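*Asks:* Input: one structure, supplied below.
Residue numbers (this note's numbering): 6 to 160.
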């Protein structure tokens, strides 16, 4: 039996908000789509399935997983896989959202681990999480997210 070489990605940001609002921004479909362009859909109970659905007319399910642990409003742990690879355990990774309250803000730490080293998923999340979490921060602080699908301007 061979074991896959894994890697992880951690992103920390501080958001002028409350733990409840940050947690809801992750799990409430109508909120997530406003800064992520996707809805995270589940009944949000440990052991339940969740789906990451593109918020457009096609409503494509792009990512799927299970809720491993949920402790509102401070912690959420989910598994994460491309919908097309959901049946392959070696293609499943894990995401932990840890929310810690400070005086007038929260620290959100997103740890994405058990990623297959060198995989497209590992590359994708290292580019995706900074954009998504920057958009969440902007949305919660100003009411407007950023364009997470924007491409760099050419020189």
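For every residue, glycine included, the Cβ atom is placed at its ideal position computed from N, Cα and C.
On a predicted model such as this, the values are computed, not experimentally measured, just so you know.
Taking residue 88 as the reference, give the member of 153, 64, 75 with the closest Cα.
*Replies:* 64
*Asks:* Residue range of the alpha helix (DSSP H) that residue 129 falls in?
*Replies:* 125-147
*Asks:* Hey, how far is the Cα of residue 54 from the Cα of residue 48?
*Replies:* 8 Å
*Asks:* By Cβ distance below 6 Å, which residues in the same chain neighbour residue 95 in space, the five residues on each side in sequence not counted?
*Replies:* 9
*Asks:* Where does the unbroken beta strand (DSSP E) through residue 83 begin, and where does it stop?
*Replies:* Here the beta strand (DSSP E) through residue 83 covers 80-87.
*Asks:* Does residue 95 come out as helix, strand or coil in the three-state DSSP assignment?
*Replies:* helix
*Asks:* Rank 35, 81, 27 by C-alpha distance to the C-alpha of residue 141 and give the top, closest one.
*Replies:* 27
*Asks:* In whole angstroms, what is the alpha-carbon distance linking residue 58 and residue 23?
*Replies:* So the two alpha carbons sit approximately 25 Å from each other.
*Asks:* Assuming contact is defined by CB atoms lying nearer than 9 Å, are residue 81 and residue 74 in contact in what I supplied?
*Replies:* yes
*Asks:* Would the region 12-23 and the region 105-117 be scored as touching if the rule is three or more Cβ pairs under 8 Å?
*Replies:* yes
*Asks:* Quick check on this structure: which residue in 72, 62, 25 has the alpha carbon closest to the alpha carbon of residue 45?
*Replies:* 72
*Asks:* By a C-beta neighbour count over all protein chains shown, 10 Å radius and 16 as the cutoff for buried, is residue 154 buried or exposed?
*Replies:* Exposure of residue 154 is indicated by the presence of fewer than 16 other C-beta atoms within 10 angstroms of its C-beta.
*Asks:* Under 6 Å Cβ to Cβ from residue 37, same chain only, skipping five residues before and after it: list those, please.
*Replies:* 44, 45, listed in sequence order.
*Asks:* Grouping DSSP H, G and I as helix and E and B as strand, with all else coil, what is residue 19?
*Replies:* In the structure shown, the three-state DSSP call for residue 19 is strand.
*Asks:* Output needed for residue 41: all residues of its chain with C-beta closer than 6 Å, excluding positions within five of it in sequence on either side, in chain order.
*Replies:* 137.
*Asks:* Which residues in the same chain have their Cβ closer than 8 Å to the Cβ of residue 52, if we skip the five residues on either side of it in sequence?
*Replies:* 71, 72
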